[in-house]
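Mapped onto numbering that gives the first Met the number 0, the consecutive letters of the sequence shown carry residue numbers 0 to 202.
C-beta: ideal position from N, C-alpha, C; glycine also.
Presented below is the structure to which this report refers.
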Amino acid sequence: MKGINTEHRILMAAEEVFLDKGFSAAKTTEIARKAEVNHALVHYYFRSKENLFETVFINKYKQVLVVLTEAVDGEKPYLDRLHQMMAAQFELFISSPKMPLFIVNEFLNNPQRLNFLKRKISLFPQEILIRFERQTKEAIEQGIIRPIETKELLFSVFSLLFSVFINRSFSQYIFNWDGMDYPEFAKKREKEIIDFVMKSLRP
């Protein structure tokens, strides 16, 4: 990590530790060691473990929202944008496979995170949802997809996407996949899930 400014080194180390252990089990001493900085510098830059965690959490959560925004704001046909959204989300999670479980665990174990997100950033920016609802309604009216509630569609998409990464250990155990290449498996699941969603939307 040498050559990177101190604050960024701390953030990189904190992301690794928090994604691996969650908030409760993470120690700022371990973060300092990974960042190769004095422990006091962690508190100098971020004041507390809570502040450091919130910074990491917001950064990871915003990455998810960016994918949604780019897909909704695109000029492609509706189904192409939906395909783009799912594919980009998969790529994000493949590059950071612990992110989905990290987000879900913090919501489950720390419900106050929901209130925190609403204060810091909109949990699901209303303007994104409104635009996507309008686009979905237009696609239904044009006979491109079958009638479906936008929230039901998004719930199905995110449930399928998150399950690939949240169920990783379970899948490896049940199917005896100890030596499998998980990124390769995730790419196969990406294709299957996108195909499944697209076929399910046929009018």
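{"Item": "What does the alpha-carbon distance come out to for the pair Ile-30 and Ala-138?", "Value": "48 Å"}
{"Item": "Closer than 6 Å by C-beta to Glu-105: which residues in its own chain qualify, once you throw out the five before and the five after it? Chain order, please.", "Value": "Arg-112"}
{"Item": "Output yes or no for whether 8 Å exceeds the beta carbon distance between Met-98 and Phe-92.", "Value": "yes"}
{"Item": "Compute the Euclidean distance between the alpha carbons of Asp-19 and Ala-12, then round it to the nearest angstrom.", "Value": "11 Å"}
{"Item": "Report the option in Pro-124, Arg-46, Arg-118 and Glu-15 whose CA atom is closest to the CA atom of Val-66.", "Value": "Pro-124"}
{"Item": "Counting pairs of beta carbons, one from the stretch 132-150 and one from the stretch 58-65, are three or more of them closer than 8 Å?", "Value": "no"}
{"Item": "Cα separation between Glu-15 and Asn-109?", "Value": "19 Å"}
{"Item": "My assumption, with CB atoms under 8 Å, is that Glu-69 sits in contact with Tyr-44. Please give the rounded CB distance.", "Value": "About 31 Å separates the two Cβ atoms, so there is no contact after all."}
{"Item": "Keeping to the same chain, check which residues put their C-beta closer than 6 Å to that of Thr-27; ignore five residues upstream and five downstream.", "Value": "Val-41 and Lys-48"}
{"Item": "Taking the alpha helix (DSSP H) that Phe-174 belongs to, which residues open and close that run?", "Value": "Counting along the chain, Phe-174 falls outside any alpha helix (DSSP H), and DSSP gives it neither H nor E."}
{"Item": "So, Arg-80 versus Val-36, is the Cβ gap smaller than 8 Å?", "Value": "no"}
{"Item": "Taking 8 Å as the cut-off, does the stretch 156-168 touch the stretch 51-58 (at least 3 CB pairs, one atom from each stretch)?", "Value": "no"}
{"Item": "Just to confirm the assignment, what range does the alpha helix (DSSP H) spanning Val-41 have?", "Value": "38-45"}
{"Item": "Go ahead and pull the three-state DSSP assignment for Gly-21.", "Value": "helix"}
{"Item": "Could you tell me the distance, in whole angstroms, from the CA atom of Gly-2 to the CA atom of Phe-157?", "Value": "Below a pLDDT of 50, predicted positions are generally treated as unreliable, and Gly-2, at 46, falls in that range; the measurement from the model is reported next regardless. Computed Cα separation, rounded: 38 Å."}
{"Item": "Could you name the residues of the same chain whose beta carbon sits closer than 6 Å to that of Ile-192, not counting the 5 residues immediately before and after it, in chain order?", "Value": "Leu-159"}
{"Item": "Between the beta-carbon of Arg-145 and the beta-carbon of Pro-96, is there less than 8 Å?", "Value": "no"}
{"Item": "Take Glu-53 as the anchor and find which of Ala-87, Gln-141, Phe-101 and Arg-188 has the nearest alpha-carbon.", "Value": "Phe-101"}
{"Item": "Less than 6 Å between C-beta atoms, sequence neighbours within five positions excluded: which residues of the same chain meet that for Ala-185?", "Value": "Ile-93 and Val-163"}
{"Item": "Could you work out which residue in Ser-199, Ser-155 and Leu-10 is closest to Ile-143 when comparing CA atoms only?", "Value": "Ser-199"}
{"Item": "Let me confirm a value: Ala-34 is counted as buried when at least 16 other C-beta atoms fall within 10 Å, else exposed. Which label applies?", "Value": "buried"}
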